[in-house]
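*Asks:* So that you can map any letter, position 272 of the sequence shown is 272 in the UniProt record's numbering, and since no number is skipped, the others follow by simple counting.
The structure is given below, and queries will be raised subsequently.
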Amino acid sequence: MTTLLTQAKAGMLDDHLIMMLRAARDERGRKGDGFPSIRTLKRYLGLAKVGALAPKVPHADFTVPAWAKVFLGFYQQPQKPSVELAYREFEAAYRMRDRDWEFPTIHQVRRFLGKMGRVAVEAGRMGARELKTIRPFIRRTFDQLLPNDVWSADGHTFDAEVQHPLHGRPFRPEITTIVDIATRRAVGFSIGLAESAIAVLDALRHASTRNGVLAIFYVDRGSGYANAMLQAEGTGITGQLGFEVSHSLPYNSQARGVIERLHQTLWVTGAKTLASYMGAPMDREAKLAHFKVTRGAIKNGGAIPLMGWDAFMQFCNDQITAYNARPHRSLPMTNDPANGRRRHMSPDEAFAAFQAKGWQPVTLAADEAERVFRPRIERTVQRGEVRLLNNHYFSGLLEEFHGETVHVAYDIHDAQFVWVYEGATGRFICRAEAGSNAAHYMPMSYVEQAREKRADARAQRLQVKLDEVEAERVGQPALTLDTPEVITIPGFGDITRDALNRRFVDAEPVIEVTAAPIHASEPTPVTPTAEIFEMPETADQRFARWRALHQHIETGGVPDQDELRWYGTYPLTKEFAAQKRRAEQAEELQLASQQ
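The structure is reproduced here in structure tokens:
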């Protein structure tokens with residue numbers, strides 16, 4: 001028997017005998033070389049001597065037990081409970097109940113689950129979208145496609161931090177990439193703060209001006225692709241370039257597996273070469289250490305150890321170039337010109353192969369590209385103006401188009417001009433300029449004169465203040481005044497009469513001159529009338545009276561006792577504060593705080 005099995009393993013027996021030996025092997029036994037063991041052959045010989053038949057291999061019993069549906073109700077939950085947890089809940093709910101089936105053990109449950117198919121077991125534990133990852137699929141072929149027949153695009157948040165182009169702080173840019181399905185070639189990309197219609201438009205411009213015009217744009221239903229800028233009738237880029245947009249089904253990223261895989265190969269792999277990589281595989285300790293370094297540099301004003309924007313743009317171009325030159329396993333085989341070995345083509349080689357067969361792209365001239373890739377939007381002409389993005393654009397050629405709907409094209413990088421086209425025919429009308437019909441509210445010479453007058457008045461008020469400072473420096477004495485014992489002067493406080501008199505001890509003595517009596521006729525006696533201090537009626541009048549009194553005192557005038565008392569108490573009122581604030585805001589009065 002040993003010789004027989006040895007010859008069978010060496011292939012020295014005839015094919016029929018080898019097949020019989022392989023059929024005699026019991027698949028339930030240990031793994032081996034496909035032939036039965038000596039013990040199995042001896043057992044078969046013993047059965048043959050007694051005239052017994054060859055034993056029938058038992059098969060698994062696929063009868064569904066009565067408890068299966070009840071248990072699966074506990075097991076097939078989106079929380080994905082383990083078999084033990086589901087069995088405990090199942091046991092707690094049904095062990096003590098009256099039932100017409102025997103309660104199973106956990107081992108019976110495990111054996112039953114092992115007999116079920118993977119998709120049937122995971123139903124309920126996975127949603128419909130997640131079940132797609134384990135269900136059969138359709139593998140698309142692209143051998144009949146030509147370059148630029150189908151482009152696919154998607155956005156990807158870069159997994160490393162770079163410096164923001166505006167403020168220089170760390171951020172993760174959004175990269176929108178376009179790939180050609182026929183050659184797997186990355187034909188264009190755009191970098192922005194988020195996936196948006198502008199980023200998609202810029203990526204299309206980058207791809208079309210370098211590689212030609214596409215036929216079908218296969219994308220998801222995100223806001224960057226399902227928008228008026230791209231697909232609007234008459235104004236969308238699709239109509240200008242003449243291509244179709246095809247959207248994949250919602251939550252069906254497998255349909256766009258080419259662009260999804262490109263993100264992993266191109267951008268995720270590229271991000272891992274940078275020290276600022278922030279992806280999930282990055283060591284948490286190293287990630288936190290780098291985070292502290294960059295944020296500490298921002299806080300303390302130091303240099304941020306991150307790639308600058310210009311360097312990042314060059315990095316992205318280098319990654320695209322390297323990807324297109326690397327062999328791609330979905331492309332046909334070719335001979336490596338360096339060593340003659342068989343390998344897959346690179347995207348650049350596949351593109352060159354199509355060109356060698358006579359294929360040529362549909363290209364755009366420079367002026368066509370500039371015109372086509374300006375976003376367009378419908379606007380109504382109002383008196384020679386169109387309004388766009390909070391700006392008013394005017395041209396005299398729009399006069400006869402008042403009230404009509406036109407198409408307005410604009411440059412996303414320059415808001416100075418817009419290009420206006422007829423809505424029905426698309427015929428170019430004119431180029432309108434922002435604010436070209438604006439005129440000064442007043443003649444500038446008149447305004448400049450008013451500014452000079454205001455400046456002169458302000459300088460005069462400042463000169464008065466300067467004169468006051470010089471007067472205080474010289475210290476000229478004031479005239480003697482019959483004042484109360486205590487005088488309150490805003491800004492200086494209370495001062496007594498004696499203290500006031502002591503300030504002028506150095507004044508020159510006053511020479512008293514006695515006039516000689518003049519004999520004349522006696523005048524008619526006049527009864528003196530007392531001057532009564534009248535309070536103004538309105539707040540504006542009171543504030544004006546205080547200003548006049550203030551100017552009078554500043555220039556050396558002497559008010560009476562009632563006016564002086566009111567002059568000291570009025571600045572303490574809320575009315576004075578409000579009037580003063582209003583005057584300062586109007587630049588009519590520049591007073592120091594005297595409260």
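Positions of the beta carbon are idealized from the N, C-alpha and C atoms, including for glycine.
Here the structure is a predicted model, which means the values were calculated and not measured.
In the DSSP output, which residue or residues are listed as bridge partners for GLU433?
*Replies:* Taking the sequence shown and counting its residues from 1, one reaches residue 433 at position 433. In the DSSP output, where bridge partners are listed per residue, GLU433 has PHE394 and PHE417.
*Asks:* By Cβ distance below 8 Å, which residues in the same chain neighbour GLY34 in space, the five residues on each side in sequence not counted?
*Replies:* Within the sequence shown, the letter at position 34 stands for residue 34. Around GLY34: ARG22 and ARG25.
*Asks:* Near GLY308, what residues of its chain come up, given a Cβ to Cβ distance below 7 Å and the 5 sequence neighbours on each side ignored?
*Replies:* For the purposes of this step, residue 308 is taken as residue 308 along the sequence shown, with counting starting at 1. Correct list, in chain order: GLN163.
*Asks:* Just tell me which of THR265, LEU306 and ARG295 has its CA closest to the CA of TYR277.
*Replies:* If you number the sequence shown from 1, residue 277 lands on position 277. Measuring from the Cα of TYR277, the nearest candidate turns out to be LEU306.
*Asks:* Who pairs with GLY155 in a beta bridge, going by DSSP?
*Replies:* Taking the first residue of the sequence shown as position 1, residue 155 is located at position 155. Beta-bridge pairing links GLY155 to THR176.
*Asks:* What does the alpha-carbon distance come out to for the pair VAL420 and SER436?
*Replies:* For the purposes of this step, residue 420 is taken as residue 420 along the sequence shown, with counting starting at 1. For the purposes of this step, residue 436 is taken as residue 436 along the sequence shown, with counting starting at 1. The alpha-carbon atoms of VAL420 and SER436 are separated by roughly 15 Å.
*Asks:* Taking only heavy atoms of the ligand SAH into account, decide whether any of them is closer than 7 Å to the Cβ of ALA434.
*Replies:* For the structure depicted, the ligand SAH is absent and the ligand set is empty, with no information on it obtainable.
*Asks:* Tell me the residue span of the beta strand (DSSP E) that contains GLU378.
*Replies:* Locating residue 378 in the sequence shown gives position 378, counting from the first residue. GLU378 -> beta strand (DSSP E) spans 376 to 380.
*Asks:* For ALA199, which residues of its own chain have a beta-carbon under 6 Å away from its beta-carbon, when the five flanking residues on both sides are left out?
*Replies:* Walking along the sequence shown from the start, residue 199 turns up at place 199. Cβ neighbours of ALA199 beyond the five flanking positions: THR176, SER190 and GLY192.
*Asks:* Which one or two residues does DSSP pair with PHE217 in a beta bridge?
*Replies:* Residue mapping note: residue 217 aligns to position 217 of the sequence shown, counting from 1. PHE217 pairs with TRP151 and VAL245.
*Asks:* I need the DSSP call for GLN590, collapsed to helix, strand or coil.
*Replies:* Residue numbering aside, residue 590 sits at position 590 when the sequence shown is read from its first letter. Confidence at GLN590 is low in this model, with a pLDDT of 45, below 50, so the placement of that residue should be treated as unreliable; the coordinate-derived value is given next. Reduced to three states, the DSSP call for GLN590 is coil.
*Asks:* Per DSSP, which one or two residues make a beta bridge with HIS344?
*Replies:* As a working note, residue 344 is residue 344 in the sequence shown. DSSP lists MET333 as partners of HIS344.
*Asks:* Applying the criterion that 16 or more other CB atoms from any shown protein chain within 10 Å of the CB defines a buried residue, is LYS580 buried or exposed?
*Replies:* In the sequence shown, the residue the question calls residue 580 occupies position 580. Classification of LYS580: buried, given that the 10 Å Cβ count is 16 or more.
*Asks:* Counting Cβ pairs closer than 8 Å, one from the stretch 177 to 184 and one from the stretch 147 to 164, do we hit at least three?
*Replies:* A contact exists between the stretch 177 to 184 and the stretch 147 to 164.
*Asks:* Starting from ARG261, trace the beta strand (DSSP E) both ways and give me its first and last residue.
*Replies:* For the purposes of this step, residue 261 is taken as residue 261 along the sequence shown, with counting starting at 1. Note, ARG261: premise wrong, no beta strand (DSSP E); alpha helix (DSSP H) at 257 to 262.
*Asks:* Which term fits ALA439, buried or exposed, when burial requires 16 or more other beta carbons within 10 angstroms of its beta carbon?
*Replies:* As a position in the sequence shown, residue 439 is number 439, starting the count at 1. Its Cβ having fewer than 16 others within 10 Å, ALA439 is exposed.
*Asks:* PRO559 and HIS550 - do their beta-carbons sit closer together than 8 Å?
*Replies:* Along the sequence shown, read from residue 1 onward, the residue named residue 550 stands at position 550. Along the sequence shown, read from residue 1 onward, the residue named residue 559 stands at position 559. Against a cut-off of 8 Å, the Cβ pair of PRO559 and HIS550 comes out as no contact.
*Asks:* If you draw a straight line from the alpha carbon of GLN319 to that of GLU84, how long is it in whole angstroms?
*Replies:* The sequence position of residue 319 within the sequence shown is 319, counting from 1. The sequence position of residue 84 within the sequence shown is 84, counting from 1. C-alpha separation (whole angstroms): 49 Å.
*Asks:* For ARG341, which residues from the same chain have a beta carbon less than 8 Å from its beta carbon, with the 5 sequence-adjacent residues on both sides left out?
*Replies:* For the purposes of this step, residue 341 is taken as the residue at position 341 of the sequence shown. Counting only Cβ-Cβ distances below 8 Å, and skipping sequence neighbours, we find ASN335.
*Asks:* Considering only the alpha carbon of each residue, which of GLN264, GLU554, ASN317 and LEU230 lies closest to GLU470?
*Replies:* The sequence position of residue 470 within the sequence shown is 470, counting from 1. Nearest of GLN264, GLU554, ASN317 and LEU230 to GLU470, Cα basis: GLU554.
*Asks:* Taking only the alpha-carbon atoms, compute the straight-line gap between PHE543 and GLU448 and give it to the nearest angstrom.
*Replies:* As a working note, residue 543 is residue 543 in the sequence shown. As a working note, residue 448 is residue 448 in the sequence shown. Cα to Cα, the separation comes out at about 31 Å.
*Asks:* Contact defined as beta carbons within less than 8 Å: I believe ALA197 pairs with LEU230. What is the distance between those atoms, to the nearest angstrom?
*Replies:* Along the sequence shown, read from residue 1 onward, the residue named residue 197 stands at position 197. Along the sequence shown, read from residue 1 onward, the residue named residue 230 stands at position 230. Yes, ALA197 and LEU230 are in contact; Cβ-Cβ is about 6 Å, under 8 Å.
*Asks:* Give every residue of the same chain whose Cβ lies closer than 6 Å to the Cβ of GLU91, excluding the five residues on either side of it in the sequence, and list them in chain order.
*Replies:* Within the sequence shown, numbered from 1, the residue matching residue 91 stands at position 91. Excluding positions up to five away in sequence, the list is empty.
*Asks:* I'd like to check one pair, LEU204 with GLY222: are the Cβ atoms closer than 8 Å?
*Replies:* Translated into positions along the sequence shown, residue 222 becomes position 222. Translated into positions along the sequence shown, residue 204 becomes position 204. Cβ atoms of GLY222 and LEU204: not closer than 8 Å.
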